[in-house]
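Below: the structure, in structure tokens.
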Amino acid sequence: MKNSGILLVASAAVIGACATSPNSMYAKPYALFQVETQKPDPLSRPAWVTRIDGKDVDPRRNDPVEPGVRQVEVSMTEPVGTTSQAKDRAVIEVDAKPCTRYYFSAKRSSLAASDWKPVAPASEPIGECVKAFNLK
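For my numbering, add 242 to where a residue sits in the sequence shown, where the first one is 1.
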């Protein structure tokens with residue numbers, strides 16, 4: 243039991259050092275792009291981020307994004323990793339602000355329609371980022 247306590251403390255120290263190292267992805271203000279998981283109405287659905295600035299995104303990771311204007315490709319009808327038609331994808335421009343999380347979704351004109359279009363992402367501040375970099 244005593245050894246597992248020491249191992250736990252050592253692991254926490256290593257993880258903490260990685261998160262605060264100058265080479266860490268979180269060493270400077272960042273933005274996060276995520277799938278909207280809440281469905282506010284039946285005309286909405288999640289939109290999966292497939293590329294940022296022309297570079298493929300790993301759907302299993304949510305790596306931070308450098309703030310600034312980004313070209314974000316989303317898949318509006320299929321999750322990442324499945325085959326979807328090019329018409330089901332769209333690129334939208336997002337001016338990513340520091341310490342902000344963006345949620346991507348798509349909307350259609352009616353319940354019977356299949357005309358999915360990406361909508362401007364909802365956003366919220368990332369509390370730990372705002373605190374770490376003293377941003378308001």
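Virtual Cβ for every residue (Gly too), placed ideally from N, Cα, C.
This one's a predicted model, so the numbers in the text were calculated from it and none came from an experiment.
Problem - Residue nearest to TRP290 in terms of C-alpha spacing, selected from ARG302, VAL277, VAL314, TYR268 - result: In the sequence shown, counting from the first residue as 1, residue 290 sits at position 48. Residue VAL277 holds the alpha-carbon nearest to the alpha-carbon of TRP290 among ARG302, VAL277, VAL314, TYR268.
Practice task
Please state whether DSSP places LYS359 in a helix, a strand or coil.
Solution key: Residue 359 sits at position 117 when you count from the first residue of the sequence shown. DSSP places LYS359 within a strand segment (E or B) once states are collapsed to three.
Handout entry: Residues bridged to VAL336 (per DSSP)
Key = Position 94 of the sequence shown, counting from 1, holds the residue named residue 336. Its beta-bridge partners are ARG312.
Exercise for the section: Could you name the residues of the same chain whose beta carbon sits closer than 7 Å to that of LEU377, not counting the 5 residues immediately before and after it, in chain order? Expected result: Reading the sequence shown from its first residue, position 135 is the one you call residue 377. Closer than 7 Å at Cβ, skipping near neighbours: PRO271, PRO340, CYS341.
Exercise for the section: Measure the beta-carbon distance from SER286 to LYS349 and round it to whole angstroms, keeping in mind my assumption that it falls under 8 Å. Expected result: Looking up residue 286 in the sequence shown gives position 44. Looking up residue 349 in the sequence shown gives position 107. With a contact defined as Cβ atoms closer than 8 Å, SER286 and LYS349 qualify at about 5 Å.
Exercise for the section: Would you mind sorting GLY258 into buried or exposed? The rule is 16 or more other CB atoms within 10 Å of its CB. Expected result: Counting from one through the sequence shown, the residue named residue 258 turns up at place 16. Residue confidence for GLY258 is low, a pLDDT of 49 falling below 50, so the modelled location carries little weight and cannot support an answer.
Practice task
Buried or exposed for GLU366, please, with buried defined as at least 16 other CB atoms from any protein chain shown within 10 angstroms of its CB.
Solution key: Locating residue 366 in the sequence shown gives position 124, counting from the first residue. Under this definition GLU366 is an exposed residue.
Problem - VAL299 - DSSP class collapsed to helix/strand/coil - result: Within the sequence shown, the letter at position 57 stands for residue 299. For VAL299, the three-state secondary structure derived from DSSP is coil.
Handout entry: Simplified DSSP state of ALA364, which is helix, strand or coil
Key = By 1-based counting over the sequence shown, the position of residue 364 is 122. If DSSP states are grouped into helix, strand and coil, ALA364 belongs with the strands.
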